[in-house]
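Asks: Dropping the structure in here first, questions after.
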Amino acid sequence: MVNMIIRIIAAASLSLSLAAVPSIAAAQSQPNRNQARIAEIHIALLDRLPTSDEDQHYLALLNQGLGITALADLIKEGSDARALYPSLVTRMNLNHFVSAVYVHIHGRAPDAEVEYFWTELLETQRVTEGEFIIQLIDATSPAERKILNDRMGKK
147 MVNMIIRIIA AASLSLSLAA VPSIAAAQSQ PNRNQARIAE IHIALLDRLP
197 TSDEDQHYLA LLNQGLGITA LADLIKEGSD ARALYPSLVT RMNLNHFVSA
247 VYVHIHGRAP DAEVEYFWTE LLETQRVTEG EFIIQLIDAT SPAERKILND
297 RMGKK
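Number 193 in the working numbering belongs to position 47 of the sequence shown; there are no gaps in the numbering.
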């Protein structure tokens with residue numbers, strides 16, 4: 147009887163341990179996914195990978211509950227982005243910003259219609275720059291994803 151109880155407890159313990167494995171794996175992969183998203187935003191906006199300090203700072207913000215679009219908007223407010231895109235300050239003639247971000251993500255210039263569409267949405271503030279960046283990243287084709295991954299150092 148005692149042996150049976152020990153086996154039941156051991157089986158229950160093993161079952162609980164195994165049940166925790168997926169959540170542990172998910173918790174460990176989340177920082178990797180967040181780091182990838184941070185890298186994508188940096189390449190899209192600044193045409194470079196984040197520094198180690200930037201990466202750690204942005205990871206901390208995401209871990210505190212900041213959303214990925216809000217993070218893209220925050221990075222857009224930084225001095226590096228403002229220096230590259232003075233139109234972000236004036237909110238006029240955002241077509242240069244749209245074109246540059248599009249090239250950084252897709253590896254090619256946008257069609258005139260696409261550039262006009264996004265410029266109009268940004269200038270009338272129907273989307274934020276962060277929404278624009280995340281939507282462009284998420285809409286990449288497999289070939290464009292390869293370009294972005296190569297720029298991130300992924301193979």
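Glycine residues also receive a C-beta, built at the ideal position from the N, C-alpha and C atoms. Since the structure is predicted, the reported quantities are computational estimates derived from the model, not experimental observations.
May I ask you to report which of helix, strand or coil DSSP gives E266?
Replies: Residue state, collapsed to three classes: helix.
Asks: Over the uninterrupted alpha helix (DSSP H) stretch that includes E277, give me the two end residues.
Replies: E275 to D284 is the extent of the alpha helix (DSSP H) around E277.
Asks: Just mark V244 as buried or exposed, buried being the case when its beta carbon has 16 or more other beta carbons within 10 Å.
Replies: With 16 or more other Cβ atoms within 10 Å, it is buried.
Asks: By the DSSP assignment, the alpha helix (DSSP H) with G295 in it spans what residues?
Replies: One detail in the question is off: residue 295 reads as Asn in this sequence, not Gly. P288 to R297 is the span of the alpha helix (DSSP H), which, as asked, contains N295.
Asks: Can you give me the C-alpha to C-alpha distance between S287 and H252, rounded to a whole angstrom?
Replies: Their backbone Cα atoms lie some 9 Å apart in a straight line.
Asks: Using CA atoms only, rank isn't needed, just tell me which of M298, R183 and N241 is closest to W264.
Replies: Taking only the C-alpha atoms, the option nearest W264 is N241.
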